[in-house]
Each structure stands twice: as C-alpha cells, then as structure tokens.
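Here is the structure we will look at.
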C-alpha cells in the first residue's frame, strides 16, 4: 500500500480504538474514502480489519497491485475462503453509505455474524487526524491560498459569476487541484465549489450548505447562475481545495465598488467569531458550546436574520474536513461532538445581506494541544476588485 | 415541477409500466437522478409514485417550491401521515443506490409493507427516452461536438496531458458544461472525463472504464497523469458532455506526428464497428449479439490483445447514457438487454496500443424505429496536431 507501516499502524489503531465500545470485532470496509484513509490509495475491493489478527486487502481492480495481505478476488463472495474459520461474531459494514443491495450481499458472506453499522467507527476514527494527515491538509492549504491570491488578477470587468468561476477553476487545476470533491453520502452534489454573486447567494438550494445559489440548471441547482458581477455586489468564493486527496475548505469575499455598511458589519462579525474560536477551540470543548457562542455574538449585533442564510438557513457553522468535506466534528446546536487534538475543522460563519450578497470568511483549522493552526492563512478583509 | 404535464405523465407511464411485472404497487424514490427524471429538478426529498392514485412530492429543501402534490416535510417519517390509510402492500425503494441506513429508515415508514427493490424499475423506465429527453441529449451533443472542434486550436506544443485537459475543461465550462458527471452507484469516481496520452492509457484503473490512466494522485487513480504529449503518442479525449442535466458521451483521438500502423489499423476497426452497429442497432436486437459481432470483427483483424484495454480489459463496449453515464442497455457479453426504440447508447470500441496510446472513437446514438441517429456527429479520423 502507499502509506508507510508506522502511519498505517497508527490509522488502524485509530479504527480499532473505536471498534471496542460498540462491540464490533471485525470490519469490512468498501467506501472509497475509507479505503483511501487506510491504504493511501483507491481501488475496487474491500479491507477486512479484525480486532485480532492481520488486516486483509481484497482487491478486484486495478490488476497488478502487490503487498502484504493483498488477496485478489473476482467477486465479494471470494472473501469467505480467506476468512476461513475465523468468522467474527459480528461484522461491521459502512451502513450509512453502502447501498442496501451491496450491504446485504456483503452481509451474506458472514451468515453467522450479526450485522453492525461501522459508519460511526470510521467517522470517529477519521475525525482525529495523524500528524501526517495534517501535513497533507497543510499542503493543500498552501495551494488553496495561492490560488485565492490570484483571484484579484483573474477578475475582469464585465464578467459573470460563472466566467470568474471558470477562470478560478483553471488556475486551480493548473496548480494541481484534483477537482474531485468528496462528500459523504451521495445526495449532495457540487462541482468545484461556488462563486456566489449578489442576491444569487440568497437562492435556496436543496442542500444543507451554508450558502445556496440557483445554479445554471435545475439538474444541479446550486452555485453560480450566470449573473453579471455588478457594483455594490459581493462575490463569495468558496472553491475546491483538494490538491492531494486531503482538502482544505476556504472562503473569501470580493466586491466591486462600495457595498452596504450592513454587509461590512456582518463580515467583521464573521472575522470576530473566527478570532474568538481560535481562543476557544481546545481539546475538551463541546462543539455545541462553540455554536452557542457564535450565535450569541451574532444576536448581540442584531445580525440573526442574515446569519447562515436569509431565505433559507443552514443548521451548522463548522465541520470536520479531510478526505471528505463533511467529516466530524460538526459545530451545530445539538452536536454531541467534543473538540479533540487532531481535529481539522472548517469554520464558516457567513451572512447573506439582501441586495448585496454573501459575506464572511471560512478557514480550515487544525486543533493542537494548546493552540489552533490556521491551514488557510490569507487576508480576512473583503478585497475590492479594481474597476 | 419543471417539466410540462404531458411529459411528466409520459415519464410516470414509463415507470408504471415497469412496476406491474415485479409486483410493486408503490415507489418511494429519493435518488437525485431519479427525482430529476420525474420532476425536471433536483431537491432534497422524495417522490411517492403509487400504481393507483396521485404522485406526491415530499420536499425538505429548497424552501418555497410550489406545485400540485407538493408536501413539505421536516423528516422522512412525516410521509406516513400523507399516505394515511392507503398503505401499499409492498414499497419499492432504490435499493441498489440508497444507503442501507436510509433504506431501513424509509422502510420503517411502511411497517406493514413488504420491501422491494425498485432500482430495476427506474433503470428500465429511464432506458427508453421520451422525444423530449432525446432532444435534451441532442442539445448536449451539439455543444459537446463544438467543444471538440476547438481542441486542435487549444493544443500547444510542449503541453502535458493535464494542461491540455484543463484548457478543454475551460472551453467546455464556458460553453455551458455543468461539470457534474453523474455515475450510478458511488464507487466510481471521475472528474470531467479523461485525456489519455501514450502509455498512460495502459495504466490499470480501479474502475470498469474502457480506458484507465494512472491519474495525478492515488486518491483519484484515473486519467491524465501529467505526462508530456510527445511525437508518436495518441491523445484520447473523452470529456464530460453534460450541458443540461442530460449528457452525451464522446471520444476522439488526436496525435502528434506519425503514429504506428497498428494504431491506425485499430482506429479503423473502431470506425468500422460503429458503421456496422449503425446498421444493426434496431429495436429487438439483443445487446449481447452486438457485443459478439464487434468481438468477431476485432478477432478477424488480429486485434484482440489491444481491444478495450491491454494490461486490463473492460467488460463492455457500450452503455446507455442520459442523466447518468451508466444507464441501460449495456452492450456486454452476458447482457440480457434488448435494444429498444428510444434507447440512447454510447458505443466505445477502443484499443490500447503499447508505446502509442489509445485509439478508437465513441459516439452517442439514439435508436429510432428504422435508423440510428448519431448525437455526436464529428469527423471520425485521427486528427493530427500541427507541430
């Protein structure tokens, strides 16, 4: 596999430490994001992780992979003979993401074993990043920041939201952005992120995203809609930061000409929430307390009507990020998550101001023992395009 | 909803005609592709389709949608009260794509109903396109062809595969390509299609794609890998053709300087298979007979070792296309599909020639009563880049 043995063992330990409590003696994982976490690459097949005994990699494609514990199979039922007599009492499958038919077929490989949901095990294991993973995210952040630093120069007078987005996509792809935007669960669809201009930020989307956008087409009703960038509008850029399989999430705001004082005030509130959180996000803090603190700051300034949307509001202001964009912990009112060392969290207190557009910034932070590290360091202020 | 009533009724009739035989009296669909098929837009929610009685649209997000049969819900369990006493004997869910946990939760809304798999119903209904759908695909095809016509002018000497791909992506996006590449099932991942140069076409991928490619990163091991385009290489372009929610699938081959006679011969074989299929693909023909005919033509010319891959071979040469890239029918050796009027089929007999690269073309065809219509009409021959 593609990660070194120490790092592999560290990740397997993360997983095993989560298996004991729900009483899952063995996992069979097949989700691409989880396979990438464990092995450092994506393949068609399965990883079998027993609490006791060696990890086995069952591979269908690509041909010609080699390594300890690699077993080539033609179909999932071939797994049974490798497990042999060591049938576990229960088998954990990723039931929150595996299609029902696939899960049923995999369960039938273990007719005597109880079926358990391993999605939580994998989500919790992946919530705490290893130093090597944080380093991958740090490298994505450096490129992400570099791409954003060029947006001022990319903008040309008369552009639509989509024209600006396409040029950012190009610069980002040439910088090495992989494009792929992994979202756990297959119901949320998004392409390369969002550029939201003016009132399009207020168009309700089908997804629990912080900001919406009508999109170009009803088959993908989110994001840029082809609207021209006009004086008095804000331009919120929230684009894909996946440069190596691990991603940062980052938002900055641009504007053409003067914008409303309310928008400027709301943007300042977002920055203040970030600063407050940089002091508060320490191991042991409750995610819901963070959410409450931000809400209190917003309420004090009379900005609640615009907070996390205006016509439609999102139910969270932060989320774990790594291989996927929606990892743990979640900073939401009823979150049970507790901030831990090794969490990587995208924080996105945003506002939609009618007739102006979206404001607020998003940064990705790594939580260390005694401080948080900003992985997307860039100027916080609204950048004004040259007219 | 966004499609007119006659078209809506036509699509519902397609679905209902598939429900009778497997004995499914009601469907609850939630997959984005299927919701888009039925309603012409994507939303967060469900569509309830009983064999008898009105269709109901259960919507969570976005806010503010209106229409006959629209019921806003907060959670799936709210569906129960709208169904009331009309509980169906069996409920069909998309078990091939719905996560196990989601399917179980939805099934529990109907505690007395038997659970049935509705994935086949929806796949078969969607395999036969309405004239309005074919028209959507035709429009994507026009734009797809236009983008490809510019590739000759986009190429610059010294480019890598990825640099060429990024510039094609840009032109395609500015032409209105939505980017989103819908693949049924969530295990195959691909970003905006593939540009495969030289021996990278022979790098095995984890997916059952006709061609592989090592990719830029092990987290997305498919497609362009950053290799320079060199004399003697072919450049196979197989990029996203989704311009309106419906897509065409199209491949053309470019080359820099002279290429091997074997590659030219294999490319000609691909074109001949297309011509043969244009005569053969008529309603009532067995998909597996088409596959066998192509295989026979390849064998006669002694090209089997390179056909549909060289180090790793794909198991099909054609597939339905529409909202998703992998629809019915499938042109494969053990396919049970029968070609029908209204099918839209991407045909992709391709070859990988060691030291040269991939050759062969892909077109998308609509099957009519007495002819097939090419929806991606463009020159078949290899185009040579100006040096």
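Chains as they are written, first to last, in my numbering: chain A, -7 to 379; chain B, -7 to 379.
Cβ atoms here follow ideal geometry from the backbone N, Cα and C, with glycine treated the same way.
Bear in mind that the values here come from a model prediction, so they are computed numbers and not experimental data.
Using only alpha-carbon positions, find the residue among the options that is nearest to residue i.
i	options	result
residue 68(B)	85(B), 50(B), 35(B)	50(B)
residue 88(A)	81(A), 74(A), 108(A)	108(A)
residue 378(B)	165(B), 221(B), 95(B)	221(B)
residue 76(A)	57(A), 104(A), -2(A)	104(A)
residue 175(B)	106(B), 317(B), 328(B)	317(B)
residue 23(A)	164(A), 31(A), 90(A), 60(A)	90(A)
residue 70(A)	100(A), 60(A), 346(A), -3(A)	100(A)
residue 371(B)	337(B), 289(B), 116(B), 242(B)	242(B)
residue 80(B)	92(B), 102(B), 116(B)	102(B)
residue 342(B)	335(B), 310(B), 325(B)	310(B)
residue 364(B)	26(B), 275(B), 2(B)	275(B)
residue 83(A)	59(A), 39(A), 54(A), 120(A)	39(A)
residue 139(B)	121(B), 162(B), 120(B)	162(B)
residue 195(A)	346(A), 59(A), 149(A)	346(A)
residue 313(A)	354(A), 55(A), 292(A)	354(A)
If I'm right that residue i touches residue j with Cβ under 8 Å, what's the distance once you round it to whole angstroms?
i	j	result
residue 233(A)	residue 240(A)	4 Å
residue 231(B)	residue 315(B)	At roughly 18 Å, the Cβ-Cβ gap does not stay under 8 Å, so residue 231(B) and residue 315(B) are not in contact.
residue 113(A)	residue 259(A)	Rounded, the Cβ-Cβ distance is 40 Å, inconsistent with contact.
residue 358(A)	residue 321(A)	In fact, because the Cβ distance is near 13 Å, the residues do not count as touching under 8 Å.
residue 269(B)	residue 339(B)	6 Å
residue 319(A)	residue 360(A)	Not quite, the Cβ-Cβ distance comes to about 18 Å (not below 8 Å), so this is no contact.
residue 63(A)	residue 48(A)	6 Å
residue 298(A)	residue 344(A)	6 Å
residue 28(A)	residue 177(A)	Wrong, their Cβ atoms sit about 16 Å apart, outside the cutoff.
residue 349(B)	residue 225(B)	5 Å
residue 117(B)	residue 7(B)	4 Å
residue 336(A)	residue 121(A)	5 Å
residue 86(A)	residue 4(A)	That belief does not hold up - the Cβ atoms of residue 86(A) and residue 4(A) are roughly 16 Å apart, past 8 Å.
Please report the straight-line C-alpha distance between residue i and residue j, rounded to a whole angstrom.
i	j	result
residue 132(A)	residue 167(A)	10 Å
residue 255(B)	residue 294(B)	13 Å
residue 257(B)	residue 129(B)	31 Å
residue 110(A)	residue 17(B)	33 Å
residue 219(A)	residue 155(A)	9 Å
residue 170(B)	residue 235(B)	5 Å
residue 65(A)	residue -5(A)	22 Å
residue 374(B)	residue 244(B)	7 Å
residue 74(A)	residue 52(A)	15 Å
residue 229(B)	residue 204(B)	12 Å
residue 330(A)	residue 271(A)	16 Å
residue 127(A)	residue 366(B)	49 Å
residue 252(B)	residue 223(B)	11 Å
residue 192(A)	residue 217(A)	7 Å
residue 281(A)	residue 152(B)	50 Å
residue 165(A)	residue 157(B)	9 Å
residue 78(B)	residue 19(B)	13 Å
residue 148(B)	residue 263(A)	44 Å
residue 323(A)	residue 356(A)	13 Å
residue 25(A)	residue 106(B)	33 Å
residue 181(B)	residue 34(A)	10 Å
8 Å is my cut-off, CB to CB: does residue i come that close to chain D?
i	result
residue 158(A)	Within the model displayed, chain D is absent; protein chains A and B are what it includes.
Query - Contact residues within the region 209 to 242 of chain B, judged by C-beta distance below 7 Å to chain A - result: 209, 210, 211, 212, 213, 236, 237
Report task. Give a yes or no on contact between the region 187 to 195 of chain B and the region 280 to 288 of chain B, applying the rule of three or more CB pairs nearer than 8 Å. Result -> no
**Report entry** Contact between the region 40 to 49 of chain A and the region 7 to 16 of chain A (3+ Cβ pairs under 8 Å)
**Finding:** yes
Query raised in the report: At a Cβ cut of 9 Å, what residues of the region 193 to 208 of chain A count as close to chain B, listed as they run along the chain?
Result: 195, 196, 197, 198, 199, 200, 204, 207, 208
**Report entry** Where the region 277 to 307 of chain B meets chain A: residues whose CB sits under 7 Å from a CB there
**Finding:** 303, 304
Query raised in the report: Touch check for the region 297 to 309 of chain A and the region 193 to 206 of chain A: three-plus C-beta pairs under 8 Å?
Result: yes
Query raised in the report: Using Cβ-Cβ distances below 7 Å, what residues of the region 30 to 61 of chain A are close to chain B?
Result: 32, 33, 34, 35, 36, 53, 54, 55, 56
Query raised in the report: Relative to chain B, which residues along the region 83 to 100 of chain A have a C-beta separation below 7 Å, given in chain order?
Result: 87, 88, 89, 90, 91, 92, 93, 95
Requested in this report: Report the residues of the region 177 to 190 of chain B with a CB closer than 8 Å to any CB of chain A, ordered along the chain.
Outcome: 177, 178, 179, 181, 183, 184
Requested in this report: Please confirm if the region 135 to 144 of chain A is in contact with the region 208 to 216 of chain A, defined as three or more CB-CB distances below 8 Å between the two stretches.
Outcome: no
Report task. Please name the residues in the region 99 to 118 of chain A whose beta-carbon is closer than 7 Å to at least one beta-carbon of chain B, in chain order. Result -> 109
Query - Residues within the region 9 to 33 of chain B neighbouring chain A, beta-carbon criterion of under 7 Å - result: 24, 28, 32, 33
Requested in this report: Give the residues from the region 340 to 351 of chain A that approach chain B closer than 8 Å (Cβ to any Cβ), ordered along the chain.
Outcome: none
**Report entry** the region 316 to 328 of chain B: positions lying closer than 7 Å to chain A by Cβ
**Finding:** none
Query raised in the report: Of all the residues that make up the region 65 to 83 of chain A, which are near chain B by a beta-carbon distance shorter than 8 Å?
Result: none
**Report entry** Members of the region 159 to 170 of chain A near chain B, C-beta cut-off 8 Å
**Finding:** 159, 161, 162, 165, 166, 168, 170
Report task. Give, in chain order, every residue of the region 253 to 275 of chain B whose Cβ lies closer than 7 Å to some Cβ of chain A. Result -> none
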